[in-house]
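Numbering (our numbering), first residue to last: 1 to 858.
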Amino acid sequence: MKSIACSTAVIILFSITLVAQTTPEPEKPDSLSPNVIKADDFNKGVIVSPLLLIQGKVPGFVINNLTGNSPNPDLQVQVRGTSTLYMSTEPLYVVDGIPARSPDIVSIENIESIRVLKSLSETAPYGILGGNGVVIIQTKRDDSNRFRVSLSTYGYVETFAQESNYMSAAKWRDWKQDWSSSPNPQLVHYSEYLNDFGADTDWREEISQQRFSQAHYLNFAGGVKNTHYSIGIDYDNRHGIIQKTDHGMVGGRINLSQRALKERLRIDLSVAGKRRNYSDVCNNPLIAERADNIIAGNTNIISRANLYNPTVPVHMNDGAFGRDTTNDLWGSYNYSPVNLISNITDSRSRTDALGVLRVGYEIIDGLRISGVASTNKMEISHVYSDMYNLPVQLYDYSQHRTETIETIENRYAGAIGYSTLMGSHHFDFLLSYSYRNCEEKLGYYDSLYRDESLNRNSGMIKSIHPLINDISFSAKYAYKSKYFISSGVMRESSRLYDWRGSDEYFPFLTAGWTISQEEAFKNLVWLNEFTIRYGYGVGQRPFESINYNLPTRFEPLDSRSLINRYLHGEQMGESSFGTDIRLFSSRLNIALDYYNRKTTDGIVISDLYPNTGFTSVSRNVAEISNKGWEFLIKGYPFLGSFQWSIDFNISINKNTILSDLHSYVLEQDQPVGNHYGFLFAGYSEADEPLYINVAGDTTMDPSYILLGNGVPKSFLGLTNTFYYRNFELSFLIRGATGFESINLVNQYYIRQTNSLSSILHADPRDIENDRPIKGKQYVEKGDYLIIDNILLGYSIPLKKGVVKSAKLYLACNHLAIFTRFSGENPEASGITGVHPGYYSGEVYPLTRTFVLGLKVEL
1 MKSIACSTAV IILFSITLVA QTTPEPEKPD SLSPNVIKAD DFNKGVIVSP
51 LLLIQGKVPG FVINNLTGNS PNPDLQVQVR GTSTLYMSTE PLYVVDGIPA
101 RSPDIVSIEN IESIRVLKSL SETAPYGILG GNGVVIIQTK RDDSNRFRVS
151 LSTYGYVETF AQESNYMSAA KWRDWKQDWS SSPNPQLVHY SEYLNDFGAD
201 TDWREEISQQ RFSQAHYLNF AGGVKNTHYS IGIDYDNRHG IIQKTDHGMV
251 GGRINLSQRA LKERLRIDLS VAGKRRNYSD VCNNPLIAER ADNIIAGNTN
301 IISRANLYNP TVPVHMNDGA FGRDTTNDLW GSYNYSPVNL ISNITDSRSR
351 TDALGVLRVG YEIIDGLRIS GVASTNKMEI SHVYSDMYNL PVQLYDYSQH
401 RTETIETIEN RYAGAIGYST LMGSHHFDFL LSYSYRNCEE KLGYYDSLYR
451 DESLNRNSGM IKSIHPLIND ISFSAKYAYK SKYFISSGVM RESSRLYDWR
501 GSDEYFPFLT AGWTISQEEA FKNLVWLNEF TIRYGYGVGQ RPFESINYNL
551 PTRFEPLDSR SLINRYLHGE QMGESSFGTD IRLFSSRLNI ALDYYNRKTT
601 DGIVISDLYP NTGFTSVSRN VAEISNKGWE FLIKGYPFLG SFQWSIDFNI
651 SINKNTILSD LHSYVLEQDQ PVGNHYGFLF AGYSEADEPL YINVAGDTTM
701 DPSYILLGNG VPKSFLGLTN TFYYRNFELS FLIRGATGFE SINLVNQYYI
751 RQTNSLSSIL HADPRDIEND RPIKGKQYVE KGDYLIIDNI LLGYSIPLKK
801 GVVKSAKLYL ACNHLAIFTR FSGENPEASG ITGVHPGYYS GEVYPLTRTF
851 VLGLKVEL
């Protein structure tokens with residue numbers, strides 16, 4: 001439950017939470033709520049997803065970007081810590097009261113506020129789909145009749161945020177010389193496979209690009225009497241720093257609103273659509289399949305550029321692509337990064353369309369009925385192809401692959417509510433019903449060309465028709481703006497919990513006491529609010545969202561995995577307590593929350609004994625305890641001609657596995673994400689490796705011990721905003737603390753042809769022994785702080801005229817990162833799943849963007 005000023009506000013907010021699927025006019029949320037971020041407080045700069053507008057802003061709501069400033073972001077979203085092992089943690093997105101498949105259907109410049117529902121007492125009314133939290137996006141609305149035009153435009157360039165950690169050709173030659181002259185015969189043997197081809201090539205630079213990116217958002221709005229309209233046109237053309245990682249978007253929306261019958265009747269119609277054409281060669285499956293020697297997941301263009309021999313030329317004298325012809329124990333890297341990126345086609349597109357019709361009518365004062373119908377259509381197409389002129393003994397074919405998804409989702413909902421005030425007593429009742437139908441078609445087409453002949457490899461099309469019916473009832477009561485209680489239940493019928501279909505119930509309860517409204521506290525002029533809150537709710541996760549770690553979603557489950565016909569969704573229950581305090585005319589605002597969530601029937605993918613004929617099976621056997629604190633403080637140290645506002649939030653989480661899962665990785669009474677391995681302790685006098693065992697003794701026999709944990713214990717965000725006359729300066733500091741990351745780059749790339757510069761100073765015995773995970777070298781502190789989203793703006797003084805306002809600004813994303821982690825981006829280690837905190841060499845390079853923008857309103 002959110003921060004409130006009085007019990008009346010609680011009733012309004014909770015009503016919105018309950019009927020977001022059916023409410024014709026979502027109310028504006030409380031701007032001081034710790035879970036509501038308004039447009040003025042959004043993150044600034046280049047924002048490639050609506051979720052990144054609130055990254056680091058909401059305590060307990062973590063948005064982890066695995067790809068830095070890539071134009072095609074890969075976001076991990078998690079609400080209130082780790083409470084599942086294999087299932088998706090993606091929240092439900094609700095746009096203007098309508099659940100949407102993606103928040104990207106909304107224009108970033110058209111968003112008025114984003115609200116996050118985290119506790120199960122808030123998300124229970126959304127049923128199974130709300131089990132991972134709910135993100136409510138409200139777009140801008142203006143019922144004035146004045147004709148208005150607004151334009152937001154910006155352009156940006158970007159640079160690598162850090163120098164490459166990999167060897168230059170000069171360092172590579174020093175490395176070869178050191179090994180060839182080493183007294184260690186093994187290193188001398190290795191050096192014989194380091195062929196010098198005479199060039200000086202920076203492969204990361206060769207596959208990069210420096211192109212200007214731009215975005216433009218144009219909006220029109222106005223009205224005549226009781227009819228109002230708004231029209232928006234969006235254009236976005238982004239170019240990643242790596243070639244063939246681009247993103248082009250064209251979108252538009254139309255909103256129409258009509259009031260009638262003395263404004264008791266309101267009809268709203270909105271249509272929105274977006275078309276995106278993009279390329280993401282860093283995640284191209286054909287590169288993975290062309291990797292003739294896959295080591296440590298060496299399956300994308302980034303890892304190939306990091307590892308490829310820097311003495312190989314980009315092109316040979318005859319114009320052919322240069323290649324490493326070395327036939328050594330590391331494999332033949334015949335495809336150079338430039339060869340790969342030049343010959344592989346990566347063409348992707350996505351079209352989203354959303355149409356919504358809302359009707360609301362107030363029959364009598366306090367009695368209102370509403371209905372909504374919506375259609376959400378999504379089409380995705382991925383086309384990959386490659387063409388090579390390489391020796392026949394390697395590959396003598398080219399490949400063409402097409403993957404498609406088509407989804408149409410229809411929703412219909414209705415609600416009737418009654419609200420009345422009887423003296424000091426406020427009552428609110430609501431009954432709602434909704435129905436969802438979804439049809440999904442998946443297509444997979446793969447062809448091989450050999451000697452100009454066509455061979456069709458595979459094709460698959462299937463349709464899915466999940467249905468959801470739900471009905472809910474809630475009752476709310478408040479007395480004298482002091483006490484409030486809300487309770488209700490949602491009944492949902494679907495196959496998302498059980499493939500055979502079942503009816504599930506989601507009860508919820510919230511209660512609170514605004515102590516500052518008591519007579520004893522009313523004379524305390526410095527105390528504006530002191531409220532305590534309690535909530536309890538039940539939630540579930542749909543079992544269809546289970547992640548089987550398949551190469552693509554188009555491939556069926558491994559035939560060796562036993563299908564569990566009794567598998568069902570995960571059940572959760574949560575209690576939460578909180579307090580909201582406002583002091584000194586609301587110049588200091590504090591929100592504190594504690595939650596205790598327990599997952600029962602958690603899904604675990606377990607190994608089976610070989611004699612069963614299957615390798616694994618999914619079972620509902622995990623129990624996970626998830627507890628944590630969320631704290632937010634918002635203050636205004638200075639007001640007047642010079643203004644300073646500061647927001648600080650931190651979330652602290654602790655999870656524990658309660659059940660015995662018969663796994664050394666997932667131990668009972670231990671947290672999720674533990675790293676186990678061999679702790680290296682040096683060498684004996686005979687140059688034999690030594691290890692530390694569980695008892696703390698030094699031994700030559702390695703044993704697995706706990707080396708750290710990959711789940712951050714806390715996430716924090718600090719936003720400062722300054723205003724002086726027409727100038728504005730703001731920046732965000734965000735970070736994570738209390739976790740360790742396994743640096744797979746150090747672990748696996750230590751003997752690659754072109755590897756980390758640190759190998760030049762490594763102990764030769766480390767390279768020779770090539771041991772598994774060691775404590776000091778491979779498991780590192782992952783804590784980090786990032787200075788991000790800096791903006792310096794100037795509001796141009798204008799005389800009365802056509803232009804109402806104009807603002808010019810400069811912005812920068814990812815200005816600096818502070819960490820002891822030796823990898824490029826510790827945030828890319830990941831925070832979800834069974835193995836969080838694993839850092840590979842395939843992450844998109846961290847970049848720094850520089851933005852120049854202008855906002856004008858006519």
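C-beta: ideal position from N, C-alpha, C; glycine also.
Q) Taking C-beta to C-beta, are P73 and V48 nearer than 8 Å? A) yes
Q. For G320, is the classification buried or exposed, using 16 other Cβ atoms within 10 angstroms of its Cβ as the cut-off for buried?
A. Residue identity check: residue 320 is Ala in the sequence provided, not Gly. Per the 10 Å Cβ criterion, exposed.
Q: Taking only the alpha-carbon atoms, compute the straight-line gap between V135 and A39 and give it to the nearest angstrom.
A: 15 Å
Q: Use the C-beta contact count for F508: other C-beta atoms within 10 angstroms, 16 or more gives buried, fewer gives exposed.
A: buried
Q | For P310 and D202, the rounded distance between their alpha carbons | A | 6 Å
Q) Which value, in whole angstroms, describes the spacing of the CA atoms of G853 and K804? A) 17 Å
(Q) According to DSSP, simplified to helix, strand and coil, what is H568? (A) strand
(Q) Helix, strand or coil, according to DSSP, for R304 in the structure here? (A) helix
Q. Are at least three pairs of beta-carbons, each pair with one atom in the stretch 691-710 and one in the stretch 668-683, less than 8 Å apart?
A. yes
Q) Under the three-state reduction of DSSP, which class applies to Y778: helix, strand or coil? A) helix
Q. When burial is assigned at 16 or more other CB atoms within 10 Å of the CB, is Y217 buried or exposed?
A. Counting of Cβ neighbours within 10 angstroms places Y217 among the buried residues, the total reaching 16 or more.
Q. If you run the structure through DSSP and keep just helix, strand and coil, what is E842?
A. It is coil, neither helix nor strand.
(Q) Please report the straight-line C-alpha distance between Y278 and L527, rounded to a whole angstrom. (A) 53 Å
Q: Please report how far the alpha carbon of T514 lies from the alpha carbon of H426, in whole angstroms.
A: Each residue's Cα considered, the two are about 15 Å apart.
Q.
Quick check on the burial criterion: 16 or more other C-beta atoms within 10 angstroms. Buried or exposed for D830?
A. First, the amino acid is wrong: residue 830 is Gly here, not Asp. G830 comes out buried.
Q. With burial defined as no fewer than 16 other Cβ atoms inside 10 Å of the residue's Cβ, what is the status of T599: buried or exposed?
A. By the Cβ-count criterion, T599 is buried, with 16 or more other Cβ atoms from all chains shown falling within 10 Å of its own Cβ.
Q | Pair within 8 Å by beta-carbon distance, G366 and Y418 | A | yes
Q. Anyone know if the C-beta pair for G837 and E740 falls short of 8 Å?
A. The answer is yes: Cβ separation under 8 Å.
Q: Whole angstroms is fine: what's the gap from I231's alpha carbon to D143's?
A: 14 Å
Q. DSSP three-state call for I54: helix, strand or coil?
A. helix
Q: Enumerate in chain order the residues of its own chain whose CB-to-CB distance from A681 is below 7 Å, with the five nearest sequence positions on each side excluded.
A: L690, Y691, I692 and T698, listed in sequence order.
Q: Let me know the secondary structure DSSP gives R173 once reduced to three states.
A: helix
Q: Determine the direct distance from the alpha carbon of T737 to that of I590, and round the result to whole angstroms.
A: 22 Å
**Q.** Same chain only: Cβ atoms within 7 Å of Y190, ignoring 5 sequence neighbours per side
**A.** W179
Q) From D687 to D174, what does the alpha carbon distance come to, in whole angstroms? A) 25 Å
Q: Give the single residue among T847, F61, H400 and I380 whose Cα lies nearest to the Cα of T407.
A: I380
(Q) Rounding to the nearest angstrom, what Cα-Cα distance links P551 and N283 in this structure? (A) Model confidence at P551 stands at a pLDDT of 30, short of 50, so the residue's coordinates are unreliable; what they give is reported in the following sentence. Taking the straight line joining both Cα atoms gives about 11 Å.
Q: Could you tell me whether the Cβ atoms of N145 and V79 are closer together than 8 Å?
A: Going by C-beta atoms, N145 is not nearer than 8 Å to V79.
Q: Output the boundary residues of the beta strand (DSSP E) element that contains K634.
A: S616 to F638
Q | A622 CB to nearest heavy atom of the ligand NAP below 7 Å | A | For the ligand NAP, the structure offers nothing, since it holds no ligand at all.
**Q.** DSSP three-state assignment for H859, whether helix, strand or coil
**A.** Any property of residue 859 remains undetermined from this structure, which presents the chain solely from 1 to 858.
Q. In chain order, which alpha helix (DSSP H) runs of at least 4 residues are fully inside the stretch 116-185?
A. If only uninterrupted alpha helix (DSSP H) runs of at least 4 residues are considered, those enclosed by the stretch 116-185 are 120-123 and 169-180.
Q. What is the DSSP secondary structure of K855, counted as helix, strand or coil?
A. strand
(Q) Quick check on the burial criterion: 16 or more other C-beta atoms within 10 angstroms. Buried or exposed for E861? (A) Shown here, the chain extends from 1 to 858; a query on residue 861 therefore has no answer.
Q.
If I follow the unbroken alpha helix (DSSP H) through R533, where does it start and stop?
A. Membership of R533 in any alpha helix (DSSP H) is not indicated; the residue belongs instead to the beta strand (DSSP E) covering L527 to R541.
Q.
Determine whether the beta carbon atoms of L75 and G130 lie at a separation below 8 Å.
A. no
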